Amino acid sequence: MEAFLPYVLPLVLLPISLYLISFLRKNGSSNTKNHPPGSKGWPMLGENLEFALLGPQKFVKDRMEKYSPEVFRTSLLGEKMAIFCGAQGNKFLFTNENKLLTSWWPQSMKKALLFPEFVESNLKEVSALKRSFHHDILKPEALKQYIPVMDALAREHMDHDWTPNSVVKVFPLSKKYTFELACRLFLSVTDPEHIKKLADPFSLVTNGMFSVPIDLPGTAYNRAIKGGKMVREELMNIIKRRRKELIENKETEGRDLLSKMLLVTDEDGQFLSEMEISNNIIGLLVASFETTSSAVTSVMNYIASLPHIYEEVLKEQMEIVKSKGPDELLTWEDIEKMKYSWNVARESLRLTPPAQGAFRETTTEFTYAGFTIPKGWKTFWTVHSSHKNPKYFPEPEKFDPSRFEGSGPAPYTFVPFGGGPRMCPGKEYARLEVLVFMHNVVTRFKLEKAIPDEKIVFYASPTPVYGLPVRLESHDK
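1 is the number of the first residue of the sequence shown in the UniProt record's numbering; add one for each residue after it.
Okay, here's the thing in structure tokens:
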């Protein structure tokens, strides 16, 4: 047997060597089809591992320097992908929505948030209706009535979760606040146990909806699918009950977002199905549970880290307090006075944006920056290629709210809420929620980070490793 090894070994190694040579050649710098320069990463894995280890900011920065500051290719989530960079990349993708590109969701996200039989074409139809509907219910006129509710709930949270403690963890508390508020405003669900019944599986969904789609027991993807089914089942029960109440004239018209959805019709005059309504609600709950809570946490992080910023925010907010009675809730007029506070919030979102970008799929082949982007490729625009670019923001790592005074940053450079037809319709809702939360925290407490150098890791959104613990000093003392 041993005598045959010298002859057998080359036969085994030869095809392996040829495969590796072929792979490295295909994956190298040669680009016969004039695709954007970049790397396909490892077979099957692509560059998912590098993206996870480096984090989105460094992953993008390193490849912009190595390949191209305009567009580079990679392989993420099992897809050939072109990463568009800078303000011009943002502008190109935002302005070519529904022309050269269409919306696209990773398989892990679709499977976690939707029933398996819910097909892609239906998803796009619902998305178009959803955005039209959301723009109606989330415009300023509709949002004004939410402000007192936001303020009242924020006061409850301060009394119950903050005031009794000398140290609190901001991230889990901000999630609790934003999700409870969403349940109250969107569904009229106020019972803590009922909210927890939705929140617990939602954690599974958001932790796994951008994971590698390997459906094996114990994986984040598998847990996200299970969590999504639990959320969907509970929402369908709520919707069916409320529709029954509507038929029996027990439903109060306009009492919350769900009641409006039960009455809205599409272009053909048809009411939304229970599935379509649940898709709308799930999208809003995901944003509230993950994105908005991350934005709130980011703002609190910088306020607790920078005493001079905190003092200026406190000064502005105390002027509002002095103009109101002790139990008088915030109004739209009060929010409009929070100009410096909103600049602080925007600078926080520039440095630590809650969403890292968004995906699209090309519907036709086109050329960008001299490179060919084939039909069927996925694209990704990234906040980091403009938010941290000294070309647009001098001293990009410096916290400077004055960047947003006057006309503010140049178009397509500050994009925490996206842009174009698919700009986040909840942008104004998020602004109100962040400012109301800021007001209630700074007018009650002085903040200090318990772990000054706490690291930020990236899951669905930036997450402080220890939940951002802060020391509280009450102004009453």
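Virtual Cβ for every residue (Gly too), placed ideally from N, Cα, C. This structure is a prediction, so every number in the text was calculated from the model and none was measured.
- With contacts defined as CB atoms closer than 7 Å, A430 and F210 fail to qualify as a contacting pair.
- Between L330 and I147, the gap from beta carbon to beta carbon is short of 7 Å.
- DSSP places A82 in no alpha helix (DSSP H) but in the uninterrupted beta strand (DSSP E) bounded by 79–84.
- For the pair of segments examined, the stretch 339–359 was found to touch the stretch 373–390: the number of CB pairs separated by less than 8 Å reaches three.
- For P172, the uninterrupted alpha helix (DSSP H) run begins and ends at 170–182, by DSSP.
- With respect to the 7 Å criterion, M300 and V205 are not classified as neighbours on the basis of their beta carbons.
- With fewer than 16 other Cβ atoms from the protein chains shown falling within 10 Å of its own Cβ, L53 counts as exposed.
- About 7 Å separates the beta carbon of Q57 from that of K388, a gap short enough to meet the 8 Å contact definition.
- Here DSSP, grouped into helix, strand and coil, assigns W105 to coil.
- Within the stretch 328–373, the runs of alpha helix (DSSP H) at least 4 residues long that lie entirely inside it are, in chain order, 332–336, 339–351.
- S174 has its alpha-carbon roughly 8 Å from the corresponding atom of S294.
- According to DSSP, F458 shares a beta bridge with P462.
- According to the DSSP secondary-structure assignment, R243 is paired through a beta bridge with no residue.
- Here F380 carries a strand assignment [DSSP, helix/strand/coil].
- F51 is the residue among P374, F51, F417 whose C-alpha sits nearest the C-alpha of F458.
- At least 7 Å separates the beta-carbon of T372 from that of N90.
- It is roughly 20 Å from the alpha-carbon of P43 to the alpha-carbon of Y221.
- Going by C-alpha positions, K339 is about 31 Å away from V465.
- Annotation: the continuous alpha helix (DSSP H) that includes S305 extends over 293–305.
- Nearest C-alpha to M64 among N237, M81, P37, L45: P37.
- Residue G208 holds the alpha-carbon nearest to the alpha-carbon of K226 among R243, G208, M236.
- Taking 4 residues as the shortest admissible run, the stretch 257–285 contains the following complete alpha helix (DSSP H) segments, listed from N- to C-terminal end: 257–263.
- C-alpha of K111 to C-alpha of R232: approximately 12 Å in a straight line.
- The Cβ atoms of V296 and F437 sit closer than 7 Å to each other.
- Between F399 and Y302, the C-beta gap is smaller than 7 Å, which places the two residues in contact.
- A87 places its beta carbon less than 7 Å from that of T413.
- Secondary structure of G467 (DSSP, three-state): coil.
- Under the Cβ criterion (8 Å, minimum of three pairs), the stretch 152–171 counts as touching the stretch 467–475.
- Judged by beta-carbon spacing, L198 lies beyond the 7 Å limit of E245, meaning their Cβ atoms are not closer than that value.
- Judged by their CB atoms, R243 and L262 are nearer to each other than the 7 Å cut-off.
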